[in-house]
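Student:
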Amino acid sequence: MTEQPSDPTQDPSIRTEILRLRGSIDNIDASLMYLLAERFKCTERVGELKAQGGVAPADPLRESQQIERLGRIAAEAGLDQRFAEEFRSFIVSEVVRRHAAIAAERGQDTVLDTFS
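The sequence shown begins at 1 in full-length UniProt numbering and counts up one residue at a time.
1. What is the residue span of the alpha helix (DSSP H) that Gln65 lies within?
2. If I follow the unbroken alpha helix (DSSP H) through Asp26, where does it start and stop?
3. Suppose you measure from the CA of Asp59 to the CA of Thr9; what does that come to, to the nearest Å?
4. What does the alpha-carbon distance come out to for the pair Gly78 and Lys41?
5. Taking the alpha-carbon of Ala84 as reference, which of Arg72, Thr16, Gly47 has the nearest alpha-carbon?
6. Among Ile67, Arg98, Gly107, which has the Cα closest to the Cα of Thr43?
7. Arg97 lies in the alpha helix (DSSP H); which residues open and close that run?
8. Just the C-alpha distance for Ser93 and Asp11, rounded to the nearest angstrom, thanks.
9. Taking buried to mean at least 16 other C-beta atoms within 10 Å of its own C-beta, is Gly54 buried or exposed?
10. Among the candidates Ile28, Arg39, Ile25, Thr16, whose CA atom is the shortest distance from the CA of Arg88?
11. Our contact map puts Gln81 next to Ala74 with C-beta atoms below 8 Å; I'd like the distance itself, whole angstroms only.
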């Protein structure tokens, strides 16, 4: 009986595929960071426009539409609905943090917008 290596990456074909997949993962991660940065630019601008126009920062209808939309997209993509909600919540918390910083710079005490 031959002994199996404890680390399957010792197999050159497996190692090659793992490295290829890791390269793809790294590229996807970089793309996600750039997409999030672009999203934050858009939400910051929407927040600024709402502040200029005297529009309330919170929009409950938009929030419920986004929750429903992202849940639907997650289901279509084969992702867990809870994951989609946690992801949305994480994004919104960063938007709120960024908007609070912008408001503080302007001497305002309100958050600009969350869902835009």
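Every residue, glycine too, gets a C-beta built ideally from N, C-alpha and C.
Tutor: For this structure:
1. 60 to 77
2. 12 to 53
3. 51 Å
4. 28 Å
5. Arg72
6. Arg98
7. 81 to 105
8. 44 Å
9. exposed
10. Arg39
11. 6 Å
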